[in-house]
Amino acid sequence: MCKRSVISLFFISSFISASCQQFGFGFLSGIATYSMQGLKNINTSVIQGLPFDAKIVDNFPAYFYYQPKMVLSFGNFAFGLVCSFQSSGSRVSAKDYSGEYRFDMKVRSNSPGIYTELRISTEDRFNFNLYSIVGPSFTNLEIQEYFNIANTILTNSINKYKAQNYYFEPGINFQVPVKAISFSLSLGYLIHIGDQAFYSGSDKKNVLYDTKNNVKVSPDWRGLRAGLSVCYSFIKQK
Amino acid sequence: MKLAGIRFVFLLAFAVLMFKCEYAPKDVYNRAVTKDVSPPQIQTLVLDINTDTIFLYTDRIINFSFSSSNQAIKMVRFVIDNSPKFSINSSNGIFDLTYGTLDDGQHTLVLEVYTASGTNSIADRVGAERFLFSKSWIVVLDRSYYSRSTATASNGYLKLSWPKYRDNDFKEYIVSRVLSYNNEVEIKRLTSTEYTDSTYIGEGGAYNISVSKQGTETLDWGHIELGRELPGIKLMPTEREPFILKRGPLKYFNAVDTIKLLQNLNYSSNWVNIKTTSNPNDSVYVLDSCRFADYADIMIKYIPKKGNIRYTPGYYDIFEFHSYLTIGYPFSMPNTNLYSINQINQDEFVYLKGCDSIVRYSVTLKHQSDHLGYTSLGCSKCEFFNITFSASGKYVTNYVNCNPELMLVNTSNMHNYIIQDLKSYTGQYYSPKIFASDVNTAIVNKGNGGFVIYDFNVKASLATYQKTYSGGYGLLISPGGNYLFLVDDSLRLVKFENSQFINVWSHDQFARPKYFGFDGINYEQMFIWDGITFSVRRCNDFTEVYEFSLFDNMILNIDFHHNQLLTYSPGHLYIRSYTDGSLIKDLPIHIDASSFDNSFILVNDAIISKKGVAYFNR
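Quick note, the sequences are listed as chains E and B, same order.
In the numbering used here, each residue carries its 1-based index in the first sequence increased by 27.
In the numbering used here, each residue carries its 1-based index in the second sequence increased by 207.
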């Protein structure tokens with residue numbers, strides 16, 4: 028989804044740039060934290076249900092996210108289109124000479140959005156901006172359970188789920204333009220909007236359930252977003 | 208070109224990041240385990256199996272309890288013939304070794320005790336890594352024991368045998384006699400597998416065998432059901448006196464103390480003890496007090512030796528046996544009344560048996576010589592209605608079919624019969640007896656008085672006899688068809704000639720002779736008896752051929768072929784000469800031969816009773 032959006036933006040950028048003062052496109056990458064409380068609860072339930080001791084060796088840690096964008100500037104104001112790609116995961120693990128148990132969850136989202144930016148001040152060559160992104164979030168979850176005892180695989184199952192929600196990310200960035208290329212440091216917070224639970228197949232009633240807490244499990248991408256971006260700008264000649 | 212190159216670099220970098228940098232969990236938690244652990248010592252605390260072989264006759268409850276010196280006991284499992292039957296995740300429990308789920312024969316029972324391995328590995332924790340301790344037994348299952356108990360006669364006693372109970376909790380067998388439902392009496396406790404009941408004589412009964420086990424438990428081990436085996440008594444098929452009774456062999460003769468024979472004759476309700484013996488081989492008795500054709504209820508009483516718990520007043524009848532006999536040589540089904548017995552030639556007679564059979568019997572051969580059966584189509588009824596014989600016995604008439612039609616049977620070949628509808632003469636609803644001659648003519652009495660002489664050959668009437676006053680009624684026709692006895696205003700003997708009826712002799716019809724008729728062989732002769740004088744006369748003119756005095760009460764029958772009369776006076780049947788009345792045989796009897804149910808005929812020197820027995824004078 029996001030890939031298609033970026034490619035589309037790239038092709039339409041040439042047409043839009045004709046009417047603005049400055050047109051640029053760039054790429055942001057950074058570190059994000061993810062709440063994923065519902066999925067973390069599932070991990071806890073899995074551990075408690077095992078007859079042997081196991082550990083959560085990964086539990087949805089902060090991980091890289093990527094965000095290409097295209098921005099049009101009109102004085103102190105700019106807007107554009109972005110598409111965020113973010114992923115995380117977890118693992119419950121136990122292993123010894125007699126066998127191995129793994130319970131892996133991998134979650135990722137493609138989040139296209141509308142980017143707006145307002146320049147607050149300019150000091151020397153630094154720009155200080157407020158920004159926000161809003162858009163839908165398409166999440167995919169893959170759960171794999173693997174259990175092997177004495178070289179006999181007892182379980183090796185993969186279940187896939189998906190969910191669609193929305194997000195809003197406000198933040199600030201510091202921009203350093205160097206000729207046509209500008210470097211930015213961004214800091215924001217993603218607010219997850221919506222409570223659609225993970226479901227499998229095409230039936231939205233077939234949802235992922237946390238049986239211990241008796242609740243439906245939804246994706247939760249809340250968290251800080253800190254990234255560094257590079258943007259290439261074209262200044263129109265009057 | 209420069210701008211496009213920069214765009215391309217950005218896009219490529221983005222695509223690589225997107226595809227290669229998706230998060231994937233990689234860490235592994237390596238658990239701490241102890242690999243080399245010694246097996247524990249298993250101690251048996253409780254196990255309800257103390258032999259190497261288990262003989263299984265019923266369900267068995269096996270309690271078990273084990274302890275382990277180190278690793279915990281995780282599971283106890285019982286396996287029969289390599290098939291797990293029971294498992295419990297505990298060191299103790301109860302296993303029901305179910306009798307009903309196994310086939311007869313030998314099986315292998317294995318007890319398996321599983322302990323934890325103690326390594327704390329994943330396999331240990333999920334029960335896939337265990338120390339196994341096992342022990343096996345042979346299980347022998349015999350489901351047939353209950354039906355293998357037998358009863359035999361041994362040396363004149365009842366001997367009960369049963370299969371051996373082979374499990375080690377055996378104490379003794381208990382033999383009981385069943386008296387009634389839920390009521391049995393213990394008669395013996397023993398350890399051998401057979402028992403002789405010296406008191407059972409064959410009166411019928413049932414025995415239960417049970418196994419008393421160590422403790423208080425018992426097991427039903429066998430059941431023997433015995434039918435009554437007391438022999439009855441039969442009348443030997445003797446042709447004349449002496450009449451002999453014979454008892455069947457006693458199976459359990461040594462258990463019998465006394466045998467009594469009692470007799471009740473001709474429904475008198477007077478039981479007379481006719482024999483008492485203690486000798487089981489004394490099985491023959493001569494019936495001195497019985498006479499030919501008596502109905503005898505013979506009761507045989509078997510009295511067992513002391514100790515038979517069933518021999519009590521309320522149950523004496525099961526030690527008795529009744530035989531219901533008609534004295535004489537049986538020629539038909541015993542105790543069945545026969546009808547329409549009549550001589551048909553020198554040696555044979557016929558009788559009506561049941562509803563649908565005419566049987567011809569040979570006195571000389573002493574067995575049935577022919578049989579005629581007939582079934583009407585479309586209705587269920589007794590055939591051969593109003594059966595009537597010609598004077599010679601050569602022809603017999605009767606009615607068959609649903610809308611009655613006359614059947615004329617030639618008795619020399621009974622299957623040679625004709626059926627004709629005579630209702631145009633008799634009327635629709637009148638089926639009188641038809642008196643036939645030996646020349647295919649017959650008297651057919653009409654419903655509204657009078658009669659016709661009917662010719663079966665031309666199927667038409669030859670003449671009609673119709674008196675204006677009473678019409679007249681034909682009684683008998685001579686074998687030649689040319690003389691008749693009839694009744695109108697008198698009893699008459701008439702000659703039938705050229706379709707004319709010519710009166711030969713007449714007599715007051717209200718003072719008829721006691722016995723009269725046509726000679727069955729000499730077609731021109733007739734006989735007449737007034738109770739004092741028996742005379743044979745010529746039909747043509749009623750002149751006497753010969754006569755003699757006869758003072759008996761009744762003439763029962765005349766055998767023209769052997770010139771003999773059978774007469775009756777109370778207490779006696781007499782065979783007399785037809786030519787002079789001289790006594791040939793005096794046969795004492797008890798029954799009243801004048802009764803319709805007790806009639807007799809004489810055929811070839813044999814007296815035939817309607818009761819189905821015969822007396823052969825020669």
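In this text, a Cβ means the ideal position worked out from N, Cα and C, and glycines have one as well.
Exercise for the section: Would you mind reading off the limits of the alpha helix (DSSP H) that contains K630/B? Expected result: Stepping through the second sequence from its first residue, residue 630/B is reached at position 423. Counting along the chain, the alpha helix (DSSP H) containing K630/B begins and ends at K630 to T633.
Exercise for the section: Could you work out which residues of chain B lie near S100/E, taking near to mean beta carbons separated by less than 8 Å? Expected result: Counting from 1 along the first sequence, the entry for residue 100/E is found at position 73. In chain order: nothing, as chain B lies at least about 18 Å away.
Practice task
Quick one: using the 10 Å Cβ neighbour count with 16 as the cut-off for buried, is E410/B buried or exposed?
Solution key: Taking the second sequence and counting its residues from 1, one reaches residue 410/B at position 203. That one is buried.
Handout entry: Whether V7/E touches Y142/E by CB criterion (9 Å)
Key = Past the boundaries of the shown model lies residue 7/E; chain E is included only from 28 to 265, so the question cannot be answered.
Problem - At least 3 beta-carbon pairs within less than 8 Å: the segment 474–483 of chain B vs the segment 377–393 of chain B - result: no
Practice task
For T143/E, name the three-state secondary structure that DSSP assigns.
Solution key: One-based indexing of the first sequence puts residue 143/E at position 116. In this structure, T143/E counts as strand in the three-state DSSP scheme.
Practice task
Taking 9 Å as the cut-off, decide whether the C-beta atoms of L757/B and G724/B are in contact.
Solution key: For the purposes of this step, residue 757/B is identified with residue 550 of the second sequence, where counting begins at 1. For the purposes of this step, residue 724/B is identified with residue 517 of the second sequence, where counting begins at 1. Not a contact, by the Cβ cut-off of 9 Å.
Exercise for the section: Using a Cβ cut-off of 9 Å (strictly closer), state whether Y321/B contacts chain E. Expected result: If you number the second sequence from 1, residue 321/B lands on position 114. Taking Cβ atoms only, chain E never reaches closer than 9 Å to Y321/B, which makes this a no.
Handout entry: Cutoff 9 Å: S328/B Cβ touching any chain E Cβ
Key = Taking the first residue of the second sequence as position 1, residue 328/B is located at position 121. With 9 Å as the cut-off, S328/B counts as an interface residue toward chain E.
Handout entry: Segments assigned alpha helix (DSSP H), at least 4 residues, entirely inside the segment 630–678 of chain B
Key = 630–633
Problem - Pair within 9 Å by beta-carbon distance, W570/B and D812/B - result: Residue numbering aside, residue 570/B sits at position 363 when the second sequence is read from its first letter. Residue numbering aside, residue 812/B sits at position 605 when the second sequence is read from its first letter. Here residue 570/B turns out to be Val, not Trp, going by the sequence shown. In contact: V570/B and D812/B (Cβ atoms closer than 9 Å).
Exercise for the section: Go to G300/B, then tell me how far its beta strand (DSSP E) extends in each direction, as first and last residue. Expected result: As a first step, residue 300/B is located in the second sequence; it is residue number 93 there, counting from the start. Taken as a continuous stretch (DSSP letters only), the beta strand (DSSP E) holding G300/B covers N299 to L304.
Exercise for the section: Grab the span of the beta strand (DSSP E) containing D172/B for me, first residue to last. Expected result: There is no way to answer for residue 172/B, as the model of chain B reaches only from 208 to 825.
Practice task
Taking the CB atoms as reference points, tell me whether L304/B and I268/B lie closer together than 9 Å.
Solution key: Looking up residue 304/B in the second sequence gives position 97. Looking up residue 268/B in the second sequence gives position 61. Yes, the Cβ-Cβ distance between L304/B and I268/B is below 9 Å.
Practice task
Please go through the same chain and pick out, in chain order, the residues whose beta-carbon is closer than 6 Å to the beta-carbon of S211/E, but skip the five residues on each side of it.
Solution key: Translated into positions along the first sequence, residue 211/E becomes position 184. Only N200, Q202 and S256 meet the Cβ criterion.
Practice task
Run the CB neighbour count on D695/B, radius 10 Å, all protein chains shown included, and call it buried at 16 or more, exposed below.
Solution key: Looking up residue 695/B in the second sequence gives position 488. By the neighbour-count rule (16 or more Cβ atoms within 10 Å), D695/B is buried.
Problem - Inter-residue Cα distance where the pair is S117/E and L214/E - result: Numbered from its first residue, the first sequence carries residue 117/E at position 90. Numbered from its first residue, the first sequence carries residue 214/E at position 187. If I take the Cα positions, the gap works out to 25 Å.
Practice task
Please look up how many angstroms separate the CB atoms of Y306/B and T258/B, rounded, as I've assumed it's under 8 Å.
Solution key: Your numbering for residue 306/B matches position 99 in the second sequence. Your numbering for residue 258/B matches position 51 in the second sequence. Incorrect: roughly 17 Å between the Cβ atoms, too far for contact.
Handout entry: Contact residues within the segment 73–87 of chain E, judged by C-beta distance below 7 Å to chain B
Key = P78, F79, D80, A81, K82, V84 and D85
Exercise for the section: Determine contact between the segment 284–295 of chain B and the segment 246–256 of chain B, defined as no fewer than three beta-carbon pairs at a distance below 8 Å. Expected result: no
Practice task
Anything in chain E within Cβ reach of K242/B, meaning under 8 Å, just list it in chain order.
Solution key: Walking along the second sequence from the start, residue 242/B turns up at place 35. Within chain E, the residues near K242/B are Y124.
Practice task
Mind checking which residues open and close the beta strand (DSSP E) that includes Q421/B?
Solution key: As a position in the second sequence, residue 421/B is number 214, starting the count at 1. Here Q421/B belongs to no beta strand (DSSP E), and DSSP marks it neither H nor E.
Exercise for the section: Using alpha carbons as the reference points, say which of N608/B, D759/B and E754/B lies closest to R745/B. Expected result: Residue mapping note: residue 745/B aligns to position 538 of the second sequence, counting from 1. R745/B has its Cα closest to that of E754/B, out of N608/B, D759/B and E754/B.
Practice task
Consider the C-beta atom of V203/E and the heavy atoms of the ligand MN; say whether any pair is separated by less than 8 Å.
Solution key: Absent from the structure shown: the ligand MN. Ligands present: none.
Problem - Nearest candidate by alpha-carbon position, reference S229/E, set N240/E, D237/E, Y236/E and A190/E - result: Taking the first sequence and counting its residues from 1, the one referred to as residue 229/E is at position 202. The residue with the shortest Cα to Cα distance from S229/E is A190/E.
Exercise for the section: Figure out for me which residue from T406/B, R517/B, I735/B and R337/B has the closest Cα to the Cα of L367/B. Expected result: In the second sequence, counting from the first residue as 1, residue 367/B sits at position 160. Cα-wise, what sits closest to L367/B is T406/B.
Exercise for the section: Starting from K601/B, follow the beta strand (DSSP E) in both directions and report where the run begins and ends. Expected result: For the purposes of this step, residue 601/B is identified with residue 394 of the second sequence, where counting begins at 1. First-last for K601/B: undefined, no H or E at that position.
Practice task
Starting from the beta carbon of F104/E, find every residue of chain B whose beta carbon is closer than 7 Å, and list them in chain order.
Solution key: Working through the first sequence from its first residue, we reach residue 104/E at position 77. The contacting residues do not exist; F104/E stays about 24 Å from chain B at best.
Exercise for the section: Could you check the C-alpha separation between T465/B and I416/B for me, to the nearest Å? Expected result: Reading the second sequence from its first residue, position 258 is the one you call residue 465/B. Reading the second sequence from its first residue, position 209 is the one you call residue 416/B. One C-alpha to the other measures close to 29 Å.
Practice task
Going by CA-CA distance only, name the one from I782/B, S356/B and L442/B that's closest to Y402/B.
Solution key: Along the second sequence, one-based indexing puts residue 402/B at 195. Of the listed residues, the one whose Cα sits closest to Y402/B is S356/B.
Handout entry: Any C-beta of chain B under 9 Å from that of L251/E
Key = Looking up residue 251/E in the first sequence gives position 224. Output row for L251/E: interface = no.
Exercise for the section: State yes or no: is the C-beta of L468/B within less than 9 Å of the C-beta of L452/B? Expected result: Walking along the second sequence from the start, residue 468/B turns up at place 261. Walking along the second sequence from the start, residue 452/B turns up at place 245. Contact flag set, yes.
Practice task
Starting from the C-beta of N824/B, find all residues in its chain whose C-beta is less than 6 Å away, skip the five residues before and the five after it, and write them out in chain order.
Solution key: Position 617 of the second sequence, counting from 1, holds the residue named residue 824/B. Same-chain partners within the cutoff: K792 and D812.
Practice task
In angstroms with no decimal places, state the Cα-to-Cα distance between M443/B and N610/B.
Solution key: Start at 1 with the first residue of the second sequence, and residue 443/B comes out as number 236. Start at 1 with the first residue of the second sequence, and residue 610/B comes out as number 403. Straight-line Cα distance between these residues: approximately 45 Å.
Exercise for the section: Verify whether the separation of the beta carbon atoms of A643/B and S597/B is less than 9 Å. Expected result: Taking the first residue of the second sequence as 1, we reach residue 643/B at position 436. Taking the first residue of the second sequence as 1, we reach residue 597/B at position 390. Yes. Within cutoff.
Practice task
Quick one: residues in its chain with C-beta nearer than 7 Å to the C-beta of N710/B, no 5 flanking neighbours on either side, listed in chain order?
Solution key: Position 503 of the second sequence holds residue 710/B. So the qualifying residues of the chain are R699 and V701.
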